[in-house]
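Colleague: Quick one: this structure, given as structure tokens, is what I'll be asking you about.
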Amino acid sequence: MTSIETLRIALHSAVLSDLDGSKPKSLARALAYQAEDMAPEAAACAYESDFQMALKGARSTHQLVELWRKQLTRWDYADQPAWTGTPARTSERRAAIHDLLKLEEATRALLDGLIPVSKAASSVVISPEHKPWYTPQSQLSRPHYWPAYRNLLTAKGWPADAVAALDVATDQVVERLADPTDPAVYQSKGLVVGYVQSGKTANFTGVMAKAVDAGYRLVIVLGGTLNMLRAQTQRRLDMELVGRENILRGADETESDYADDPAWAAGKFVSFGSLPSALGAFDIVRMTTRDDDYKSLLQGITALEFEKREPALPLYDLENLHRSSARLMVVKKNKTVLAKLVKDLGKIKTPLAEIPVLIIDDESDEASVNTSKPDVQRSAINEQISKLLNMLPRAQYVGYTATPFANVFVDPSDTEDIFPKDFLISLPRPEGYMGARDFHDLDTEVEEHERTVANSNEMAHVRDILDDAEDDTCLRQAMDMFVLTAAMKLYREEVGGLGDGYFEHHTMLVHESVRTGVHRELHDRVLKLWHDAGYTGPSGHARLRRLFDSDVAPVSKVRAEGQAVPASYDELMRFVGPASVRIGGDGQPIIVVNGDRDLETGEADFDKRPIWKILIGGQKLARGFTVEGLTVSFFRRRAGNASTLMQMGRWFGFRKGYRDLVRLFLGRRETIGRAEVDLYDAFQAICLDEEAFRSELQRYSVMVDGRPQITPAQIPPLVSQHLPWLKPTSPNKMYNARLELVRSAGRWEEPTAYPQKSEHLRRNTELWLPYLDALGSARTYGYHFREKGVVHRFNALTGIFPAATVLDTLCGLRWEVAEQFPPHLRYISEITEAGKVDDWVVLAPQHASVSADKTVALGSAGRQYSWFSRDRRADRGPLFGAISDKKHRGVAHRIAGALETSGDGPTEELVAERRGAIVLYPVLETAYQGSIDASGHIDSDKLVMAFAFVAPASAHSANGQVVRFTTISSKPNAIIDVTEIDRT
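This is the structure we're talking about:
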């Protein structure tokens, strides 16, 4: 870099540092002002023309561009700043920034080309109106820990838009807490929902940093139910928030509890240069350490006493608050530990009502939720949390979880519980995250027989376990894949140029049970397989060659994302030996991670050393604990609810440099009681449940007339269940609100709770028969999805019917579960009475190949119609699984105006304003499919007339509201049990 380039960087750095935290201002004036304090040669750089010249020759990674990327991104992401009314992360916001900087058009174009506006998803917020008090620029906030944390993330390589997004997301939490200086007492309770192993800790670390800067002086982190999880959280907070000086407090470096931690010696713990109190800020005093949970005798009661410069004033007064140290404790969710804390707090002299407290509950759906009936004694840990909230009236409670269903089902009328009454924030899926949908083909339009490793996530990453208990064929293959992917990582380090040590950890997870006895037997099995594998001998190389040629090579060829891939196994073979030595060269290729100390053959401490091992475990690996470098998972563990099963998905996370190598071996024929279940289907159902929930939150988060559509108390009905045996969470954690009305303009809606009683089935069939009789002849309809290059075609009989007639029919239908259809019926009645729907097209899809055994004679003329084979779900009584066929949806959406032109003439003939679409499915359950007589007829009480509908896309409410609720408490039927929610 030349001297003039160095001066230019220094000049722009000074300008942007001055502008940080303020609105954009004239660049030309700022450059001239800063240049006055620099060497005379800097004057040549103090012109916009010089900036333009530098940008013209710069790449996106140039230091000057990176400086501007950070500041532009902060302005892009700023949430409702005073200096503009434009929405965040839009072209309009960027134009407003350019205007305030007074940039020329050429400069604007160069900056936008090098630093495009981020289009990443933002957080979804469900919250009642709150009293605004927190802004980063307010006098209430004296930034110290947040800027240090933000700088640390930048130094770790976080992209500027990720740091800016975290800034906004943490603001959304902190601004919904109570003002710590307000004399009036208010206790806010909220929930932040992330993804499994997706960076939730970074969010609550940022929240803590901003909260203590704003005045919160006691922070209690409930860090999981296991010692290793608590220690993991303590270390992360010490490293990134507390800092070296607060840890040492004047002691020698060698006396730190992290003296044996490589990151401490490498200078990776944040450092302020001196104790923050010596720098005009305030210290953070740790009440717990990595190795020690909260203990009364260890720290003593006096350590909890808060110093007050002005004894006559309360602690929350500004004269005291910002001169007092903050206290931090990371506490295990354990009855005894929490009881000690409650007891000690009751002994301190500082009035508890004066202390602004922040309680962060990590994995808040585990142990924290009351699992006892509301009218009896609380469960142990919930009781202690309730005591903390009662004795600390200024305590703010924020739960963090990836599986929120237990929290939203907490009884909202229980004021002493942890229901998130004030806010629920759903964090966006992070860039580069590998989650549940990356192992499934949820949105694919590719037919099953056309799927390949290139277009199918399942084919690329998922391998079936079909062995019985005595057969280890699949387990051996998983271990072979583990060694092969280890060799691939070493190949990428050396040949691919990533450098030695790029892949610090490489792990395989074997998870079959929580029982330590099973772990002992499994350890012996895996160890024997390892010793018999012969990875450096002819038989081992032969197996690995076949696996490379049939699996690794085809997948990596199309999914390596620029990472190095060997042309053949021969090119990779020399890395196999070093890989197997790294894993098992010490004679211990396995680490057992559970509570049985006798079984622990190695320590799974990823912070202290590189780990290339096979991990066997149960509960300790099922929630919260991060398995670094996880590449191969072998999973047969069963669970009875979605929250538990989802938390077992340790294979979710960030897989930079080896995403294509990730393999998931899943049991496809596992037993739960007497039933046989497919774990792949289970995880797919969870993914659908989760995405449906997030989609509904997104939909209802839009403000109407400046007010929220829903509050957290109205969230439970948005939770769906896609598998009959897999409930969202444990039954003893579920309460609900009742959904009254759903406005679903332009959306596919599909009821599933059809009746079982003969008279009700007969009535429903009789109501639909006049429609069938009036349908025209069959035609072929289609919709061309141009972006996907897919055309969906099908044959159907069609007719057009007045809206009032259809409404009368729908009102007359009978249902097995009375609550399911009325919210939709109220909406259809509303739009009919308001004239927002004129008529409905009714389509009766017909099978492509007409077969006598797939048709049934219906109606007065005995006309033949295609029937569809569907069954109710075995252990959910009246409810069906999926009824519709996805290829019918595009045409229905187009008719209702929810999609653009179909490219199909017959379909376009049916399109009209204020028109909806109904798709009819005559359904025969398996038990009645032999009841069709020789003439093709069947008794109407054996036929289910199922349907789906799409209301006109224009049929919105005047104010945009899409949902209405009645809130109820302590009622067991918490789920709207929908088989499939598709929001296209």
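When the letters of the sequence shown are read in order and numbered with numbering that gives the first Met the number 0, they come out as residues 0 to 983. C-beta: ideal position from N, C-alpha, C; glycine also. Since the structure is predicted, the reported quantities are computational estimates derived from the model, not experimental observations.
1) Taking DSSP as the reference, what is the three-state secondary structure of Val591?
2) Do you know how far the Cα of Val461 is from the Cα of Arg761?
3) Less than 7 Å between the CB of Arg234 and some heavy atom of the ligand MN, yes or no?
4) For Thr797, which residues does DSSP report across the bridge?
5) Which residues bound the alpha helix (DSSP H) around Gly584?
6) Thinking C-beta only, is Gly189 closer than 8 Å to Lys992?
7) Less than 8 Å between the CB atoms is what I'm expecting for Leu6 and Met37, so what's the real figure, rounded?
8) Let's see if you can read the secondary structure: which residues bound the alpha helix (DSSP H) around Leu665?
9) Residue range of the beta strand (DSSP E) that Val192 falls in?
10) Mapping the DSSP letters down to three states, classify Thr900 as helix, strand or coil.
11) Can you find at least 3 beta carbon pairs, one from the region 740-752 and one from the region 939-947, that sit closer than 8 Å?
12) Put Thr854 into one of helix, strand or coil per three-state DSSP.
13) For His504, does the three-state DSSP call read helix, strand or coil?
14) List in chain order: all unbroken beta strand (DSSP E) runs of 3+ residues lying wholly within the region 315-386.
15) Which residues in the same chain as Leu247 place their Cβ atom closer than 7 Å to its Cβ, once the five residues preceding and following it in sequence are excluded?
16) Can you pull the DSSP bridge partners for Met572?
17) Do Gln863 and Gly935 have their CB atoms nearer than 8 Å?
18) From which residue to which residue does the beta strand (DSSP E) around Ile882 run?
19) Just checking, does the region 349-359 make contact with the region 204-216 on the three C-beta pairs under 8 Å criterion?
20) With 16 other CB atoms within 10 Å as the buried threshold, where does Gln476 fall?
21) Which residue wins for smallest C-alpha separation from Asp181, given the options Phe268, Leu217 and Ile354?
22) Based on the DSSP output, what are the partners of His510 in its beta bridges?
23) Could you tell me the distance, in whole angstroms, from the CA atom of Ile384 to the CA atom of Asp212?
24) Answer with buried or exposed for His518, where buried requires no fewer than 16 other C-beta atoms within 10 angstroms of its C-beta.
25) What is the DSSP secondary structure of Gly20, reduced to helix, strand or coil?
26) For the region 17-72, list the alpha helix (DSSP H) runs that are entirely contained and at least 4 residues long, ordered along the chain.
27) Here's the rule I'm using: 16 or more other beta-carbon atoms within 10 Å means buried, otherwise exposed. How should Asn150 be labelled?
28) Please identify the residue among Pro313, Tyr257, Leu217 and Thr253 whose C-alpha is closest to the C-alpha of Val330.
29) DSSP three-state label for Gly929, please.
30) Just list the alpha helix (DSSP H) runs in the region 423-469, keeping only unbroken ones of 4 residues or longer that don't cross its boundaries, in chain order.
31) If you run the structure through DSSP and keep just helix, strand and coil, what is Trp132?
32) Straight-line CA distance for Leu660 to Met507?
33) Using 8 Å as the threshold, is the region 146-165 in touch with the region 24-33, meaning 3 or more CB pairs across them?
34) Label Pro565 either buried or exposed according to how many other C-beta atoms from any shown protein chain fall within 10 Å of its C-beta, with 16 as the threshold for buried.
35) Kindly list the residues whose CB is nearer than 7 Å to the CB of Gly775, restricted to its own chain and excluding five residues on each side of it in sequence; keep chain order.
36) If I follow the unbroken beta strand (DSSP E) through Leu221, where does it start and stop?
Modeller: Result, derived from the coordinates:
1) Looking up residue 591 in the sequence shown gives position 592. Of the three classes helix, strand and coil, the one that applies to Val591 here is strand, per DSSP.
2) Numbered from its first residue, the sequence shown carries residue 761 at position 762. Numbered from its first residue, the sequence shown carries residue 461 at position 462. Near 45 Å, if we compare the C-alpha coordinates of Val461 and Arg761.
3) Judged by which ligands are present, the structure shown has none, so any question about the ligand MN falls away.
4) One-based indexing of the sequence shown puts residue 797 at position 798. Its beta-bridge partners are Leu842.
5) Working through the sequence shown from its first residue, we reach residue 584 at position 585. Premise fails: Gly584 is in no alpha helix (DSSP H) and is neither H nor E.
6) This structure leaves residue 992 out entirely; the chain is present only between 0 and 983.
7) In the sequence shown, residue 6 corresponds to position 7, counting from 1. In the sequence shown, residue 37 corresponds to position 38, counting from 1. That pair is a contact at about 7 Å.
8) Your numbering for residue 665 matches position 666 in the sequence shown. From DSSP, Leu665 is part of no alpha helix (DSSP H) but of the beta strand (DSSP E) over Arg662 to Gly666.
9) Locating residue 192 in the sequence shown gives position 193, where the first residue counts as 1. From DSSP, the beta strand (DSSP E) with Val192 extends over Lys188 to Val192.
10) Stepping through the sequence shown from its first residue, residue 900 is reached at position 901. It is coil, neither helix nor strand.
11) Yes, since at least three Cβ pairs between the region 740-752 and the region 939-947 fall closer than 8 Å, the two stretches touch.
12) Translated into positions along the sequence shown, residue 854 becomes position 855. Thr854: strand per DSSP, three-state reduction.
13) To locate residue 504, count along the sequence shown from 1; it is residue 505. If DSSP states are grouped into helix, strand and coil, His504 belongs with coil.
14) As far as the region 315-386 is concerned, its whole beta strand (DSSP E) runs of at least 3 residues are 325-330 and 356-361.
15) As a first step, residue 247 must be located in the sequence shown, where it is residue number 248. Correct list, in chain order: Ser255.
16) Walking along the sequence shown from the start, residue 572 turns up at place 573. Looking at the DSSP assignment, Met572 forms no beta bridge with any residue, so it has no partner.
17) By 1-based counting over the sequence shown, the position of residue 863 is 864. By 1-based counting over the sequence shown, the position of residue 935 is 936. In this structure, Gly935 lies closer than 8 Å to Gln863 by Cβ.
18) Taking the first residue of the sequence shown as 1, we reach residue 882 at position 883. Element bounds for Ile882: n/a, residue is neither H nor E.
19) Segment contact: the region 349-359 against the region 204-216, three or more CB-CB distances shorter than 8 Å; contact assigned.
20) Numbered from its first residue, the sequence shown carries residue 476 at position 477. Counting Cβ neighbours within 10 Å, Gln476 comes out buried, since at least 16 surround it.
21) Here residue 181 refers to the residue found at position 182 of the sequence shown. The residue with the shortest Cα to Cα distance from Asp181 is Ile354.
22) Translated into the one-based positions of the sequence shown, residue 510 becomes position 511. DSSP lists Phe634 as partners of His510.
23) For the purposes of this step, residue 384 is taken as residue 385 along the sequence shown, with counting starting at 1. For the purposes of this step, residue 212 is taken as residue 213 along the sequence shown, with counting starting at 1. Using only the alpha carbons, I get a separation of about 25 Å.
24) Taking the first residue of the sequence shown as position 1, residue 518 is located at position 519. With 16 or more other Cβ atoms within 10 Å, it is buried.
25) Reading the sequence shown from its first residue, position 21 is the one you call residue 20. It is coil, neither helix nor strand.
26) Runs of the alpha helix (DSSP H) lying entirely within the region 17-72 and spanning at least 4 residues, in chain order: 26-34 and 47-55.
27) Working through the sequence shown from its first residue, we reach residue 150 at position 151. Per the 10 Å Cβ criterion, exposed.
28) Translated into positions along the sequence shown, residue 330 becomes position 331. Closest option to Val330, Cα to Cα, is Leu217.
29) As a working mapping, residue 929 is identified with position 930 in the sequence shown. Gly929: coil per DSSP, three-state reduction.
30) For the region 423-469, whole alpha helix (DSSP H) runs of length 4 or above, ordered along the chain, are 456-460.
31) Start at 1 with the first residue of the sequence shown, and residue 132 comes out as number 133. If DSSP states are grouped into helix, strand and coil, Trp132 belongs with coil.
32) As a working mapping, residue 660 is identified with position 661 in the sequence shown. As a working mapping, residue 507 is identified with position 508 in the sequence shown. Roughly 12 Å between the two C-alpha positions.
33) no
34) To locate residue 565, count along the sequence shown from 1; it is residue 566. Its Cβ being crowded by 16 or more others within 10 Å, Pro565 is buried.
35) Numbered from its first residue, the sequence shown carries residue 775 at position 776. For Gly775, the CB contacts under 7 Å within the same chain, skipping 5 residues up- and downstream, are Leu796, Thr797 and Gly798 in chain order.
36) Residue numbering aside, residue 221 sits at position 222 when the sequence shown is read from its first letter. First-last of the beta strand (DSSP E) with Leu221: Leu217 to Gly222.
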